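Asker: Line by line, the protein sequences are chains H and U. Numbered by my numbering, the letters in the first sequence go through residues 3 to 233 in order. Numbered by my numbering, the letters in the second sequence go through residues 3 to 233 in order. Just so you know, even glycine gets a beta-carbon here, dropped at the ideal spot from N, CA and C. A quick note: this is a predicted structure, and the numbers were derived from the prediction, not measured. One structure coming up, written as structure tokens, with questions to follow.
Number of protein chains: 2
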Amino acid sequence: MLQRARVCVEGQSMSTQTPASTTTDSTPAADAGDDLQRSGRDATATRHALVRAARRRFATDGYRATTVRQIAADAGVNVALINRYFVSKEGLFEACMLRTSDELDTQTPPRPADVEGIIARLVEHVVNAPDGDDPLQLLLLLRSSGDENADGIRRRTLEHFTKRLATAAGWSPTDPDTADLMLRAQLAIATMLGVVMLRTSAAVQPVASAGSDDLDAPLGEVFRLLLSRPV
Amino acid sequence: MLQRARVCVEGQSMSTQTPASTTTDSTPAADAGDDLQRSGRDATATRHALVRAARRRFATDGYRATTVRQIAADAGVNVALINRYFVSKEGLFEACMLRTSDELDTQTPPRPADVEGIIARLVEHVVNAPDGDDPLQLLLLLRSSGDENADGIRRRTLEHFTKRLATAAGWSPTDPDTADLMLRAQLAIATMLGVVMLRTSAAVQPVASAGSDDLDAPLGEVFRLLLSRPV
DNA sequence: CTCGGGTGTAAACGCATGCTGACTTATCGA
DNA sequence: TCGATAAGTCAGCATGCGTTTACACCCGAG
């Protein structure tokens with residue numbers, strides 16, 4: 003190892019970030035080449051830019067098809083910095099996965115339950131797939147790096163997300179009546195992932211060009227069927 | 003191009019195939035290394051073995067992560083024969099995709115409708131995912147090679163499958179009451195793909211180890227909700 | 001027998017990839 | 001002001017990839 007080798011998630015802990023970067027959060031940015039012309043010399047911003055670019059590339063193109071040079075170019079950063087800050091390509095992927103895991107955590111409630119609200123948010127995620135970064139992070143959960151570490155994180159993230167969703171829908175480890183909610187919540191997640199996949203990666207019609215008006219109703223039905231308790 | 007460059011699907015048109023190959027069809031064969039110790043000198047059998055091995059590799063590991071040497075080793079065949087018979091790795095992928103497209107075609111009825119029967123078959127496909135070759139071919143539909151040709155075939159296959167399923171469920175291009183069935187059929191396909199993905203690629207619990215008893219009911223509900231006309 | 005084409009083999013080529021180590025440049029406290 | 005250290009740059013290495021080329025083998029037709 004070189005020096006200290008800090009493979010951190012650099013998530014909610016950073017505060018003084020993004021200098022000279024106008025597109026910080028939820029701007030569309032359909033083109034892959036933003037983050038350019040940064041006024042360097044800011045390690046935190048550099049790491050952030052790398053993770054941002056990497057998440058997009060990994061999610062859309064997959065792990066193997068993405069090259070570190072592409073990521074570095076997208077982030078407007080020298081290639082060697084990937085190895086400096088994340089040790090390896092796989093370390094960067096792991097950081098992306100951890101970040102997605104954290105974001106997913108903050109977006110799903112820990113314990114209580116408001117099934118209709120949850121359903122609405124799930125649908126929103128799927129529908130907004132082509133734009134923004136939020137739905138792409140879902141596709142990241144389907145991408146395998148082939149490495150034990152990163153894929154373990156991926157599996158645990160999906161299982162944790164499942165438990166969160168099932169809990170929000172009323173699952174309880176003690177109540178045998180809610181035992182199947184775990185599996186049902188996971189089927190809902192599988193549906194989400196499948197739809198996002200078809201919409202973005204494969205661009206299959208008609209679902210790829212379907213809007214909120216077309217998708218809200220059937221998706222809501224499916225999620226309601228899976229997550230609402232039959233009283 | 004070298005000589006004639008026949009990139010054929012070699013599907014239903016071959017009859018005198020598989021000499022000295024005991025495991026021809028639906029044997030489990032969870033290990034990746036069958037097809038070995040072939041008694042060479044049979045181009046048809048060689049092509050068949052290559053496609054068989056390639057489909058498994060492409061479906062499980064993805065296009066980029068699969069190497070031609072792996073495929074050749076799985077098929078018990080020299081690497082150069084891939085280029086001889088399929089011109090390139092991408093040509094082999096295209097042949098795999100075409101074969102999947104054809105098999106999917108023969109398995110879905112062309113016009114009539116027996117929704118319950120269709121649903122039962124869809125569920126069967128998903129549940130049997132870890133074993134056999136049938137469900138793996140579904141994952142192939144999610145894999146992108148990055149090439150225009152193969153990915154076009156993939157998109158068209160998915161769209162054709164959508165139309166088949168919607169038609170079987172009662173969709174008619176003239177009847178406006180059935181207009182949304184197209185999208186609903188595609189959501190059903192997305193659900194299938196998502197579940198198979200979670201079961202095989204990510205091995206996420208509890209869906210990965212769920213059996214027919216656990217999956218039949220909720221999956222049937224979802225497919226029925228999406229495909230059955232509300233009278 | 002011999003010839004020729006179909007089949008399989010072995011070795012290597014060119015290239016792109018991930019990664020490394022030595023170097024330069026900016027930043028900031030003493 | 002100045003040097004120590006962090007931040008970034010550059011050229012190149014080693015490897016694995018897809019592909020190609022040249023060669024050996026088998027077998028039926030003439």
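Answer with yes or no whether the minimum CB distance from U/Asp216 to chain H is below 8 Å.
Answerer: yes
Asker: The alpha helix (DSSP H) spanning H/Val206 covers which residue range?
Answerer: Neither: H/Val206 is in no alpha helix (DSSP H) and is coded neither H nor E.
Asker: Between the C-alpha atoms of U/Leu142 and U/Phe60, what's the straight-line distance to the nearest angstrom?
Answerer: In a straight line, the C-alpha of U/Leu142 is about 7 Å away from that of U/Phe60.
Asker: Please state whether DSSP places U/Pro178 in a helix, a strand or coil.
Answerer: Under the three-state reduction of DSSP output, U/Pro178 falls in the helix class.
Asker: Cβ atoms of H/Glu150 and U/Gln207: under 8 Å apart, would you say?
Answerer: Note that the C-beta distance between U/Gln207 and H/Glu150 is not below 8 Å.
Asker: What does the alpha-carbon distance come out to for the pair U/Leu221 and H/Glu126?
Answerer: 23 Å
Asker: Between the Cα of U/Thr202 and those of U/Ser214, U/Arg226 and U/Asn130, spot the shortest distance and give me the residue it belongs to.
Answerer: Closest by alpha carbon: U/Asn130.
Asker: Within 8 Å (strictly less), CB to CB, does H/Ala192 reach chain U?
Answerer: H/Ala192 has a beta carbon lying within less than 8 Å of a beta carbon in chain U.
Asker: Pick out whichever of U/Gly119, U/Gln72, U/Ile73 and U/Val70 has its Cα sitting closest to the Cα of U/Ala170.
Answerer: U/Gly119
Asker: Count the other CB atoms within 10 Å of the CB of U/Ala77; is the residue buried (16 or more) or exposed (fewer)?
Answerer: When all chains shown are included, U/Ala77 counts as buried.
Asker: Could you please give the first and the last residue of the uninterrupted alpha helix (DSSP H) stretch that includes U/Tyr65?
Answerer: No alpha helix (DSSP H) holds U/Tyr65; DSSP gives it neither H nor E.
Asker: Pair every Cβ in the segment 164-184 of chain H with every Cβ in the segment 89-104 of chain H, then say whether three or more of these pairs are closer than 8 Å.
Answerer: no
Asker: Please report the straight-line C-alpha distance between U/Leu195 and U/Cys98, rounded to a whole angstrom.
Answerer: 18 Å
Asker: Is it the case that the Cβ atoms of H/Val209 and H/Val197 are separated by a distance below 8 Å?
Answerer: The Cβ atoms of H/Val209 and H/Val197 sit closer than 8 Å to each other.
Asker: Which of the residues in the segment 183-213 of chain U, read from start to end, lie with their CB under 8 Å from any CB of chain H?
Answerer: For the segment 183-213 of chain U, the beta-carbon criterion of a distance under 8 Å to any beta-carbon of chain H is satisfied by Met184, Leu185, Arg186, Gln188, Leu189, Ile191, Ala192, Thr193, Met194, Leu195, Gly196, Val197, Met199, Leu200, Ser203, Ala204, Ala205, Val206, Gln207, Pro208, Val209 and Ala212.
Asker: Express the C-alpha separation of H/Leu200 and U/Thr110 in angstroms, rounding to a whole number.
Answerer: 20 Å
Asker: Taking a contact to mean a Cβ-Cβ separation below 8 Å, would you say H/Leu183 touches H/Ala168 in this structure?
Answerer: yes
Asker: Is U/Ser103 buried or exposed, if buried means 16 or more other CB atoms sit within 10 Å of its CB?
Answerer: Buried, because 16 or more other Cβ atoms sit within 10 Å of the Cβ of U/Ser103.
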